[in-house]
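A quick write-up on the structure given underneath.
Residue numbers (this note's numbering), protein chains in the order written: chain A, 373 to 484; chain B, 875 to 989.
Here it is, written out as structure tokens:
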């Protein structure tokens with residue numbers, strides 16, 4: 373089975389610029405997650421979707437971060453404007469009740 | 875507050891040696907505990923998943939144990955290989971009223987295997 377696809381793999385932007393990440397989950401996985409992983413730490417949940425509805429976005433900094441999953445399949449995560457502390461790996465994962473999480477390879481964002 | 879604490883933070887061992895990583899949690903009510911391996915620059919990959927009734931599970935040279943009474947888990951790696959160098963993350967899920975549950979991630983143990 374194909375895994376979770378993410379793009380781009382790397383992105384370098386200046387502070388105050390905007391950036392968007394894309395995720396294509398495993399086919400049939402209704403639940404999709406975006407995580408932020410700062411170097412040396414475990415992933416922190418930003419937002420969880422169930423199909424195209426938001427289940428949990430309590431830790432999403434909504435003043436600058438937004439995410440959508442319009443058709444219940446692909447998802448995009450946007451940061452506008454970026455800050456230096458947003459430098460991290462952004463992981464997308466999808467899950468099925470019987471199979472647990474599958475993570476993508478992530479997008480490494482560097483804000484300079 | 876649900877927490878997952880992993881130890882040690884980092885570990886260096888020689889190739890061929892065994893090692894054990896620890897995970898203590900306060901997540902309640904408990905649903906399942908998973909160990910992931912995360913290679914540098916990659917996403918985490920699942921190694922094992924254990925529910926309340928399971929106290930040990932193996933995946934090749936990886937063996938996870940779970941003591942639900944003391945809320946502790948360990949991951950034992952046997953006959954380590956250079957390719958075992960990675961971060962090992964413990965994830966504990968609460969029994970939550972959603973399809974996927976509420977998961978708490980540890981900060982991981984960084985293992986380095988040297989020749």
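Ideal placement from N, C-alpha and C gives every residue a C-beta, glycine not left out.
- Contact between the region 420-435 of chain A and the region 378-386 of chain A is absent, with fewer than three C-beta pairs closer than 8 Å.
- Note: residue 377 (chain A) is bridge-paired with A:396 in the DSSP secondary-structure output.
- Residue 456 (chain A) carries a helical assignment under DSSP once its states are collapsed to helix, strand and coil.
- Between residue 915 (chain B) and residue 942 (chain B), the alpha-carbon positions lie close to 32 Å from each other.
- DSSP places residue 472 (chain A) in the uninterrupted beta strand (DSSP E) bounded by 472-475.
- Interface residue (Cβ-Cβ distance to chain B less than 8 Å): residue 400 (chain A) is not classified as such.
- Under the criterion of beta carbons closer than 8 Å, residue 458 (chain A) and residue 432 (chain A) do not qualify as touching, at roughly 12 Å.
- Non-local beta-carbon contacts of residue 875 (chain B) in its own chain, meaning distances under 8 Å to residues more than five positions away in sequence, involve 900 in chain order.
- Within the region 401-429 of chain A, those residues whose Cβ lies closer than 9 Å to any Cβ of chain B are, in chain order, 402, 403, 405, 407, 409, 412, 413, 414, 415, 416, 417, 420, 422, 427, 428.
- In the three-state reduction of the DSSP assignment, residue 941 (chain B) falls in the strand class, which pools E and B.
- Among the CB atoms of chain A, none fall inside 8 Å of the CB of residue 926 (chain B).
- In this structure residue 981 (chain B) does not touch residue 408 (chain A) by the C-beta definition: roughly 13 Å separates them, more than the 8 Å allowed.
- Where residue 410 (chain A) is concerned, there is no enclosing beta strand (DSSP E), because DSSP gives it neither an H nor an E.
- Using a CB distance below 8 Å, the part of the region 470-484 of chain A facing chain B consists of 472, 473, 474, 475, 476, 477, 478, 480, ordered along the chain.
- Listed by position along chain B, the residues whose Cβ is nearer than 7 Å to that of residue 449 (chain A) form an empty set, because the closest Cβ is around 15 Å away.
- Contacts between residue 463 (chain A) and chain B, judged by CB atoms closer than 7 Å, involve 917 in chain order.
- Going by beta carbons, residue 879 (chain B) and residue 987 (chain B) fall outside the 8 Å limit.
- The DSSP assignment places no complete run of the alpha helix (DSSP H) inside the region 892-955 of chain B (cut-off: 4 residues).
- Taking C-alpha positions only, residue 907 (chain B) is separated from residue 925 (chain B) by approximately 7 Å.
- Residue 967 (chain B) places its beta carbon less than 8 Å from that of residue 977 (chain B).
- For residue 428 (chain A), the enclosing beta strand (DSSP E) begins and ends at 425-428.
- Excluding sequence positions up to five before and after residue 877 (chain B), its CB lies within less than 8 Å of the CB of 899, 900, 901, 978, all in the same chain and listed in chain order.
- Distance from the CA atom of residue 405 (chain A) to the CA atom of residue 895 (chain B), rounded to whole angstroms, is 27 Å.
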